[in-house]
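Report on the structure given below.
Numbering (the UniProt record's numbering), first residue to last: 1 to 86.
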């Protein structure tokens, strides 16, 4: 299966192409995707929920099971920093 990944703002710094497809095994989870990004693309995402927001098809991954959230073919994943106001 494949999922579309979009990195935004500081998360995309130093990345030549911040939007790309990732191929995963069927029944993969968000944790599987994050591991694959780290090992194959050298993109380390430390998702501590305070500094990074991850959306799966526009919904917060936090409410879809966190790193255990199941991904499906053609899902759209957005990884971005938490917006801060002041």
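Glycine is no exception: its CB is placed at the ideal position from the N, C-alpha and C atoms. If you're wondering where the values come from, they're calculated on a predicted model, not measured in any experiment.
For residue i, three-class secondary structure by DSSP
i, result
"residue 82", "coil"
"residue 7", "strand"
"residue 2", "strand"
"residue 59", "strand"
"residue 46", "coil"
"residue 72", "coil"
Straight-line Cα distance separating residue j from residue i
i, j, result
"residue 82", "residue 39", "24 Å"
"residue 84", "residue 52", "Here the model assigns residue 84 a pLDDT of 49, short of 50, so the residue's position is not dependable, and the following value carries that caveat. Cα to Cα, residue 84 sits roughly 11 Å from residue 52."
"residue 50", "residue 62", "11 Å"
"residue 36", "residue 3", "12 Å"
"residue 69", "residue 30", "6 Å"
"residue 66", "residue 47", "9 Å"
"residue 55", "residue 79", "7 Å"
Neighbour-count burial assignment, residue i, 16 or more Cβ in a 10 Å radius
i, result
"residue 15", "exposed"
"residue 9", "exposed"
"residue 60", "exposed"
"residue 75", "buried"
Span of the alpha helix (DSSP H), counted from its first residue to its last, around residue i
i, result
"residue 38", "30–41"
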